[in-house]
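Q:
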Amino acid sequence: MSRIHDALKKAEEERMASQGDPGPSSFAMPEAGELPMMAPLEEPRVVVDAGEPAGGVSHSSEMPSFASPFSLDALLARCPQLQWKPDEKTMLFFNGDDNAHGTEEFRTLRSRIYHTREKMALKKILVTSALPKEGKSFTSANLAQVLVRQHGRRVLLVDADLRDPRLHMMLGTTSSPGLSDYLQGGTDEFSIMQRGAMENLFFIPSGRQISDPSELVANGRLKVLLQRVEVLFDWIIVDSPPAVPVSDASVLAKACDGVLMVVRSNTTPAETARRAREEFPDQILIGVVTNGADHESSLSSRHYYDAYVKNVTESKS
Ligand SMILES: Nc1ncnc2c1ncn2[C@@H]1O[C@H](COP(=O)(O)OP(=O)(O)O)[C@@H](O)[C@H]1O
Ligand SMILES: [Mg+2]
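So the sequence shown is numbered by our numbering: it starts at 16 and just counts up by one.
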């Protein structure tokens, strides 16, 4: 083995080791009503293979291959490209119209998330909410899409709602093999990943239906999965079950760097949202998305949002 190879391998091992421990963070909740600035989105890139930018597919024959199984080459070779048929009503970015209704809000959300990343180590984001049907999957899928629309960014979307998986339907693809198969053992990380036509968007569906989702989610393998593959991605977005009726979301949050809480405008009771929020430590709650606010309801939803954030602030003191 050449000295260069040794040095590169050591560098990659150090990079992977450092990515496994995001360290403590001190980020506070964003202010209610504060409009995010559309800051330039030049973030440090994740380098997967030495000399090769993330998102670019290069096969330089001069680069040595590493022993680590989690290389970009392995990802592209092992992850099948499937014929996704996205649901155009909910998948806002797939029809290529950057001005489609709703897309601006997701660009704003993206901008805020990048601002947050300036203050804390943030790559793996859990999207949750208090109750079913509040827009967790809708938010996860569109957030993943808006993140991947930035040139060269590579994003992994994970359907960790093993009770009511929806992302495969929104993307128009198969649900297995997927996460539940991995959590049960017997399959590796790349065997459960797929990609469609949207460059750099990778997906782990929920997998085969199982009878014991809570036990599977709590068995520790999800954390291992995310730690192993995170070196390959700029962002990992994890869709979750609702936080109030079941405990899965708070368990899943322990494998992520931050939690994004969705509240359905004029629908989620403030007390229920507050209970959901209490499931997560302050440090990892990175923000609240109000879903479904229209122009007519914006005034009342603003009042609601203010009240919610006030409750959050009070519960912190
Ligand atoms: N802002 C929105 N605009 C359009 N459709 C939405 C919106 N939010 C949610 N939906 C739709 O509402 C339904 C429930 O949302 P979903 O994301 O599946 O909820 P959850 O994951 O919280 O159970 C889905 O059909 C979804 O496409
Ligand atoms: Mg869902």
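Glycine residues also receive a C-beta, built at the ideal position from the N, C-alpha and C atoms.
It should be emphasised that the depicted structure is a prediction, and the values quoted were computed from it without experimental measurement.
With respect to 8 Å, is the separation between the Cβ of proline 220 and the closest non-hydrogen atom of ligand 2 below this value?
A: The residue labelled residue 220 in the question sits at position 205 within the sequence shown. Proline 220 Cβ: outside cutoff for every heavy atom of ligand 2.
Q: Flag aspartate 176 as yes when its Cβ comes closer than 8 Å to any non-hydrogen atom of ligand 3, and as no otherwise.
A: Summarising the ligand content, the structure contains ligand 1 and ligand 2 and does not contain ligand 3.
Q: Does DSSP put tryptophan 99 in a helix, in a strand, or in coil?
A: Locating residue 99 in the sequence shown gives position 84, counting from the first residue. Coil.
Q: So does lysine 151 have its beta carbon nearer than 8 Å to some heavy atom of ligand 2?
A: Here residue 151 refers to the residue found at position 136 when the sequence shown is read from its first residue. Checking every heavy atom of ligand 2 against the Cβ of lysine 151, one is found closer than 8 Å.
Q: Is the closest heavy atom of ligand 1 to the C-beta of asparagine 281 under 8 Å?
A: Working through the sequence shown from its first residue, we reach residue 281 at position 266. Asparagine 281: no, Cβ never under 8 Å from ligand 1.
Q: Taking 8 Å as the cut-off, is the C-beta of aspartate 254 nearer than that to any heavy atom in ligand 1?
A: Position 239 of the sequence shown holds residue 254. Aspartate 254: yes, Cβ under 8 Å from ligand 1.
Q: According to DSSP, simplified to helix, strand and coil, what is serine 255?
A: The residue labelled residue 255 in the question sits at position 240 within the sequence shown. Note: serine 255 maps to coil in three-state DSSP.
Q: Closer than 8 Å: is that where the CB of proline 101 sits relative to any heavy atom of ligand 2?
A: Within the sequence shown, numbered from 1, the residue matching residue 101 stands at position 86. Every heavy atom of ligand 2 is 8 Å or more from the Cβ of proline 101, so no.
Q: Please name the residue or residues paired with phenylalanine 217 in a DSSP beta bridge.
A: Position 202 of the sequence shown, counting from 1, holds the residue named residue 217. According to DSSP, which records beta bridges pairwise, phenylalanine 217 is partnered with Leu171 and Arg210.
Q: Count the other C-beta atoms from every protein chain shown that fall within 10 angstroms of the C-beta of glutamine 209, then say buried if there are 16 or more, exposed otherwise.
A: Within the sequence shown, residue 209 is the residue found at index 194, counting from 1. Buried, by the Cβ-count rule.
Q: Quick one: residues in its chain with C-beta nearer than 6 Å to the C-beta of leucine 177, no 5 flanking neighbours on either side, listed in chain order?
A: The count along the sequence shown starts at 1 and reaches residue 177 at position 162. Closer than 6 Å at the Cβ level, and outside the excluded window around leucine 177, lie Ser195, Ser221 and Pro228.
Q: Beta-carbon within less than 7 Å of leucine 241's beta-carbon, same chain only, minus the 5 sequence neighbours each way: which residues are those?
A: On the sequence shown, position 226 is the one that residue 241 refers to. Excluding sequence positions up to five before and after leucine 241, its CB lies within less than 7 Å of the CB of Lys139, Ile251 and Ala270, all in the same chain and listed in chain order.
Q: Can you tell me the Cβ-Cβ gap for leucine 186 and methionine 276, rounded? I've got them flagged as a contact below 8 Å.
A: Numbered from its first residue, the sequence shown carries residue 186 at position 171. Numbered from its first residue, the sequence shown carries residue 276 at position 261. Leucine 186 to methionine 276, Cβ: 23 Å. No contact.
Q: So who's on the other strand from serine 144, going by DSSP bridges?
A: For the purposes of this step, residue 144 is taken as the residue at position 129 of the sequence shown. Partner(s): Val277.
Q: Under 8 Å by Cβ, that's how I've got valine 291 and serine 144 pegged, so tell me the actual separation to the nearest angstrom.
A: The residue given as residue 291 occupies position 276 in the sequence shown. The residue given as residue 144 occupies position 129 in the sequence shown. Looking at the sequence shown, residue 291 is not valine but alanine. The pair is a contact, with the Cβ atoms about 7 Å apart (cut-off 8 Å).
Q: Can you tell me where the alpha helix (DSSP H) with asparagine 157 in it begins and where it stops?
A: Within the sequence shown, residue 157 is the residue found at index 142, counting from 1. From DSSP, the alpha helix (DSSP H) with asparagine 157 extends over 151-163.
Q: Please determine whether the Cβ atom of aspartate 263 lies at a distance below 8 Å from any heavy atom of ligand 2.
A: Reading the sequence shown from its first residue, position 248 is the one you call residue 263. Flag unset: Cβ of aspartate 263 not near ligand 2.
Q: Taking only the alpha-carbon atoms, compute the straight-line gap between valine 163 and methionine 213 and give it to the nearest angstrom.
A: By one-based count along the sequence shown, residue 163 stands at place 148. By one-based count along the sequence shown, residue 213 stands at place 198. Cα-Cα distance, rounded: 8 Å.
Q: What's the C-alpha gap between alanine 136 and glycine 200?
A: Numbered from its first residue, the sequence shown carries residue 136 at position 121. Numbered from its first residue, the sequence shown carries residue 200 at position 185. For alanine 136 and glycine 200, the distance between alpha carbons rounds to 29 Å.
Q: Between Asp102, Thr287, Gly273 and His183, which has its C-alpha nearest glutamine 298's C-alpha?
A: Within the sequence shown, the letter at position 283 stands for residue 298. Taking only the C-alpha atoms, the option nearest glutamine 298 is Gly273.
Q: What do you reckon, are the CB atoms on valine 303 and valine 278 nearer than 9 Å?
A: Reading the sequence shown from its first residue, position 288 is the one you call residue 303. Reading the sequence shown from its first residue, position 263 is the one you call residue 278. Contact flag set, yes.
Q: Using 10 angstroms around the beta-carbon of serine 255, count the other beta-carbons present and answer buried if the total reaches 16, otherwise exposed.
A: Position 240 of the sequence shown, counting from 1, holds the residue named residue 255. Per the 10 Å Cβ criterion, buried.
Q: Going by DSSP, what residue range makes up the beta strand (DSSP E) through threonine 305?
A: Numbered from 1 along the sequence shown, position 290 holds the residue referred to as residue 305. Run containing threonine 305: 300-306, per the beta strand (DSSP E) assignment.
Q: For ligand 1, any of its heavy atoms closer than 8 Å to the Cβ of arginine 181?
A: What you label residue 181 is simply residue 166 of the sequence shown in a count that begins at 1. Shortest gap from the CB of arginine 181 to any heavy atom of ligand 1: under 8 Å.
Q: Please determine whether the Cβ atom of proline 147 lies at a distance below 8 Å from any heavy atom of ligand 2.
A: Taking the sequence shown and counting its residues from 1, the one referred to as residue 147 is at position 132. Result yes, Cβ under 8 Å from ligand 2.
Q: Pick from Ser226, Glu103 and Arg181: whose alpha carbon is nearest that of glutamate 149?
A: For the purposes of this step, residue 149 is taken as residue 134 along the sequence shown, with counting starting at 1. Closest option to glutamate 149, Cα to Cα, is Arg181.
Q: If I'm right that isoleucine 219 touches valine 173 with Cβ under 8 Å, what's the distance once you round it to whole angstroms?
A: Stepping through the sequence shown from its first residue, residue 219 is reached at position 204. Stepping through the sequence shown from its first residue, residue 173 is reached at position 158. So it is a contact: roughly 5 Å between Cβ atoms.
Q: Should asparagine 306 be listed as close to ligand 1, given that the test is whether its C-beta is under 8 Å from any heavy atom?
A: Locating residue 306 in the sequence shown gives position 291, where the first residue counts as 1. Yes, Cβ of asparagine 306 sits closer than 8 Å to a heavy atom of ligand 1.
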